[in-house]
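*Asks:* One point on numbering: in this note's numbering, the residue at position 91 of the sequence shown is 91, and numbering is uninterrupted. Beta carbons are placed, not taken as given, at the ideal position from N, Cα and C, and that holds for glycine. Predicted, not measured: the structure shown is a model, and the values here were computed from it.
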Amino acid sequence: MEIKKVGVVGCGTMGAGITQVVAMSGYQVVTSEINDELLKKGLNSINAQLTKSVEKGKLSQADKDATMARIKGTTTTKDFGDCDLVIEAAVELMDLKKKIFADLDKSAPKHAILASNTSSLSVMDMATATSRLDKMLGIHFFNPVPVMKLVELIRTIATSDETFETGRRFAESVGKTVVVAKDAPGFIVNRLMVPQVLHAVRLLESGIASREDIDTAIQLGLNHPMGPLTLIDLVGLDVVYFIAQAMYEETKDPQYIIPNLMHKMFAARWLGRKTGKGFYDYK
Ligand SMILES: NC(=O)c1ccc[n+]([C@@H]2O[C@H](COP(=O)([O-])OP(=O)(O)OC[C@H]3O[C@@H](n4cnc5c(N)ncnc54)[C@H](O)[C@@H]3O)[C@@H](O)[C@H]2O)c1
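1) Please state whether the Cβ-Cβ distance between I87 and N47 is less than 8 angstroms.
2) Rounded to whole angstroms, what's the CA-CA distance from I243 to T51? Just pull it up for me.
3) At a threshold of 7 angstroms, does H263 count as lining ligand 2 (C-beta to nearest heavy atom)?
4) Given this structure, state the Cα-to-Cα distance separating G17 from V54, to the nearest angstrom.
5) Ligand 1 and S32: does the residue's C-beta get closer than 7 angstroms to at least one heavy atom of that ligand?
6) Could you give the distance in angstroms between the alpha-carbon of I34 and the alpha-carbon of I208?
7) Taking only the alpha-carbon atoms, compute the straight-line gap between S60 and K41 and give it to the nearest angstrom.
8) Could you round the C-beta distance between G186 and G236 to whole angstroms and report it? I think they count as a contact, below 8 angstroms.
9) Check for me: the alpha helix (DSSP H) holding V189 runs from which residue to which?
10) With respect to the alpha helix (DSSP H) encompassing F164, which residues constitute its N-terminal and C-terminal limits?
11) With DSSP collapsed to three states, give me the class of K252.
12) Given a cut-off of 8 angstroms, decide if V201 and M262 are closer than it, judged by their beta-carbon atoms.
13) Would you report the Cα separation of L290 and G175, rounded to the nearest angstrom?
14) Once DSSP output is grouped into helix, strand and coil, what is the label at L121?
See below:
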């Protein structure tokens, strides 16, 4: 199947990045939010990113205008009626995602592939909210989407070969390198990354080292581009929180237990860059 038009549900951190990259690759994109204010915020952030690229000489003004012209914002799933692929990038909560997929099953055309950008939840569980188990898969982008080259493609036991191969061609067509994982909690990257960042919070909590020294140690000692606490602030503490919670619920593996400090920061909405405060200050 040829993909011409793509829907994106949610225009937050990931949805905005996915919308931008997909539109830059020449696809028509419909992107949705829960209200006009959040939609405007998401579209403005895409516009700001593209403006930065123009200022740096990485993108022509004409290409920026053409990219923005390919994006249509909406607050209703009815506008997904002519999409060939819809990628869900809403909050990491199973009940919400199931509701979204049940809606998409009604509003997207029968031939359309439905995908989730979930970091940790079971794609098969989401698929049960639809009548098209064979047309569901995970297309997991990384943050920031325009920069990060990787996509994890998640195949459930019911994903058809055609859906899977179309998903692979699509991910490659937007400039990503594909790795394949089964529908298991955290797939590859988060299965390895989440225990490490949670351990970093425990290290801080136990007073073994300062936030700066934990970050510097991992950055310089393991040659990571940033330390784990800076990474949580970038990704969003709430995002890591929901991922860890989902992974613990599914595996009961104690390495995914959320440290107390993270519970407190979650309650205080110290979510990192997006709220101006996390492990560090961004105001
Ligand atoms: N942040 C990351 O680094 C990252 C990386 C990879 C994958 N993910 C996954 O991507 C998904 C989104 O994460 P995020 O960081 O973009 O979260 P976010 O909170 O920044 O954005 C989610 C957006 O979805 C919107 N939304 C909620 N319900 C909706 C609905 N019914 N219709 C339309 N929009 C709706 C919210 O208003 C919000 O703006 C999650 O499943 C997360 O696990 C996140």
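*Replies:* Reading it off the structure:
1) One thing to note: I87 has its Cβ no nearer than 8 angstroms to the Cβ of N47.
2) 32 angstroms
3) As far as ligands go, the structure on display features ligand 1 and does not contain ligand 2.
4) Taking the straight line from one Cα to the other gives about 17 angstroms.
5) It does: the Cβ of S32 is within 7 angstroms (strictly closer) of some heavy atom of ligand 1.
6) Straight across, the Cα-Cα distance linking I34 with I208 is about 42 angstroms.
7) 23 angstroms
8) The Cβ separation is near 16 angstroms, so there is no contact.
9) 189-205
10) 161-173
11) coil
12) yes
13) Absent from the model: residue 290. The displayed extent of the chain is 1 to 283, so no value can be given.
14) coil
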